[in-house]
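Contents: one structure, followed by commentary.
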Amino acid sequence: MNCDDVRAALSDRLDDLLDASASRAVDEHLAACEACAARAERARRLRDALRRPWSVAPAPADMVERIRGVAFRRPAPRVVGVLVRHGLAFAAGVLATLALVGSPEEPRPAAPTAATPAVEVSHSPPPPPRRIR
Amino acid sequence: MHDGFEDVYERYGRAIHAYAARLTGDPGSAEEICQDTFVRYLAHEDSLKGQNGSLAPWLYRVATNLGIDRLRRSKPMPLEGDPPAAVSAGPGDLERHDLDAFVRAEVGRLDPPLRATFLLHAHHGLTFPQVADVLGISESGAKQRYRRAREHLAKSLAHLLEEDER
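Heads up: the sequence lines are chains X and S, in that order. FYI, in the working numbering the residues of the first sequence are 114 to 246. FYI, in the working numbering the residues of the second sequence are 117 to 282.
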């Protein structure tokens, strides 16, 4: 390995990402090359800085109770579910009834098809305007 | 041997909480992720009891998914603690805690999957096969992600060490 090879492999060597033979080759070069050894020292300092976990606030003391509280929270009472279902069914019935009784709107035209294009082309002249008496 | 929930939390709770805090940079998110991770553990407790060796990766996987989902949904947020004002440390005045603050800030700038990879290996001691298991990728993929994270961090921080040596 020459200096360029070693410098390219240095970080991988420090992070144990190289196989045994490549690691040995890097180590042998570092033992004989002062410039690369100095570079390796800087890389080691950087590696150490990157691997130093920063402190964080501890978990709350009552976390176990919180977890249990959420995990074993009782499901909503069944009667509520029944009421909700019945309420939804009632609402759906009301809407269906309103739809059947009729709305003031015109019925929607069918979706356009090849046979009935979206824009109707009239081939006959428009009717004459009605005379105003 | 079957551990009770308290034993499992005692063994892994602090690490999972710290991981969530470092991943999201937000104490509130860390608490919620830790809580939800162990709630899910309790939901799957019976099937996980016989898998002592894979419990830690399972917990980290859940926490990672929750954390990355949260990071993707939310706007970027400053990491816990005061970020360094600027990369303005002069030669010789870079104290260790300053360097740690720069590292923390730069880790917080990594994409969430790279950040997770970096934290799992460098700060939480998972091996690359374990990191791969947590992230659902190959071992070589985990190493590749770690390299990318490290290169980004090294590029951002190397000049601080060089200045400091002058």
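Cβ coordinates follow ideal geometry from the N, Cα and C atoms, glycine included. Model, not experiment: these values are computed from the prediction.
Item	Value
With DSSP run on the structure shown, which of helix, strand or coil describes G182 (chain X)?	helix
Check whether the Cβ atoms of R157 (chain X) and L127 (chain X) lie closer than 7 angstroms to each other.	yes
Assign H268 (chain S) to one of three DSSP states: helix, strand, or coil.	helix
Could you give the distance in angstroms between the alpha-carbon of L230 (chain S) and the alpha-carbon of R261 (chain S)?	6 angstroms
Does chain X have any CB closer than 7 angstroms to the CB of D216 (chain S)?	yes
Cutting at 8 angstroms between CB atoms, please list the residues of its own chain near L143 (chain X), excluding the five before and the five after it.	V119, C149, A150 and A153
Would you call the stretch 149–165 of chain S and the stretch 228–244 of chain S touching, i.e. three or more CB-CB distances under 8 angstroms?	no
When burial is assigned at 16 or more other CB atoms within 10 Å of the CB, is H275 (chain S) buried or exposed?	exposed
Return the CA-CA distance between V177 (chain X) and D227 (chain S), expressed in angstroms with no decimal places.	31 angstroms
Can you give me the C-alpha to C-alpha distance between R189 (chain S) and K165 (chain S), rounded to a whole angstrom?	32 angstroms
Which chain S residues sit within Cβ distance under 8 angstroms of V139 (chain X)?	In chain order: nothing, as chain S lies at least about 16 angstroms away.
With 7 angstroms set as the bound, which would you pick, yes or no: does the beta-carbon of A134 (chain S) sit closer than that to a beta-carbon of chain X?	yes
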